[in-house]
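S.K.: My numbering numbers the first residue of the sequence shown as 726 and each following residue consecutively.
Yeah, the Cβ is synthetic: ideal placement off N, Cα and C, and Gly gets one too.
Small disclaimer: the values here were computed from a predicted structure and weren't measured.
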Amino acid sequence: MTSPDVAETLGSAPASAPVRAAPLVEFRAVTKVYGQGAAAMRALDGVDLSIQAGEFVAVMGPSGSGKSTAMNILGCLDTPSSGSYRFQGVPVEGLSRDQRALLRRNYLGFVFQGFNLLNRTSALENVELPLVYRRTPRAERHAQARRALAQVGLTGWEHHTPGELSGGQQQRVAIARAIVTGPSLLLADEPTGNLDSARSHEIMDLLTGLNRERGITVLMVTHEPDMAAYAGRVIHFLDGRVADDGLAGRSQGQGGQT
Ligand code: ADP
726 MTSPDVAETL GSAPASAPVR AAPLVEFRAV TKVYGQGAAA MRALDGVDLS
776 IQAGEFVAVM GPSGSGKSTA MNILGCLDTP SSGSYRFQGV PVEGLSRDQR
826 ALLRRNYLGF VFQGFNLLNR TSALENVELP LVYRRTPRAE RHAQARRALA
876 QVGLTGWEHH TPGELSGGQQ QRVAIARAIV TGPSLLLADE PTGNLDSARS
926 HEIMDLLTGL NRERGITVLM VTHEPDMAAY AGRVIHFLDG RVADDGLAGR
976 SQGQGGQT
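#1: Put D773 into one of helix, strand or coil per three-state DSSP.
#2: What did DSSP end up calling P855 once you bin it into helix, strand or coil?
#3: Can you tell which of S788, M929, N831, G779 has its C-alpha closest to the C-alpha of A954?
#4: Among M785, L843, F962, which one has its Cα closest to the Cα of E949?
#5: Of the residues T756, I960, L827, which one's Cα is nearest the Cα of A765?
#6: Does at least one heavy atom of ligand 1 sit under 8 Å from the Cβ of F962?
#7: Does DSSP put T756 in a helix, in a strand, or in coil?
#8: Is P916 near ligand 1, going by C-beta to nearest heavy atom under 8 Å?
#9: CB of S807 to nearest heavy atom of ligand 1: below 8 Å?
#10: I'd like the list of long-range same chain contacts for Q895, defined as Cβ closer than 8 Å, with 5 residues on each side in sequence excluded.
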């Protein structure tokens, strides 16, 4: 499953080989300043970052180091004060609001610590929601949502509401909702933050499977080294900068010995 070329979808530039060869996401000297004058706060301070399609990346760092700011920019929910954010080579700051929304809807999936499900609504309807925004016809919507729920191991739970599901199951519904549109990039903000250890590892196994088997690029903020160990690469933020960017240990199947 590959998404169409972003430049084609957004109508922003002719599709070309160099764009195809670009990293999936790239920050070039991205700075984000909040406030003005003496109160100005550099949440991001000249960050260079490039992530290739197919990577599984964990983002770590102390509170206030700029992780959420970076995720908001990556998710096209915010824009840099200066520098450039490129998605498949396309500068996002050059896109209109509508084009950014289109990019979000077609290429990105979001998973949050708090699941963010609609409480009185069945698992199936929660997963269908992004397809409603896309105006996918009803029958197709049902079929795609059922398939996504099957992919996260929730066949048989389609008609349960979040209140009838465990925390781990709720996060599976949220992951199904994030992947139902076939995104290139899954942005996960502390996806195991509300789960016990066993459930956390199940969710990480699920994310690892989506990364390896479906080729979805995963970028996950976590405070837990155990969870970061599932990633092939761990980026540490400190004071709005990338302090360390390296390969993680155990799950890449390359021996893990140093
Ligand atoms: P993290 O996610 O690593 O905890 P953030 O990206 O939330 O870090 O924050 C980085 C810095 O930017 C912090 O000092 C924070 O107080 C500041 N900051 C974040 N968002 C805002 C905002 N909307 N207005 C002002 N300052 C902000």
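M.R.: Quick look at the numbers:
#1: strand
#2: helix
#3: M929
#4: M785
#5: T756
#6: yes
#7: strand
#8: no
#9: no
#10: F840, L842, P887
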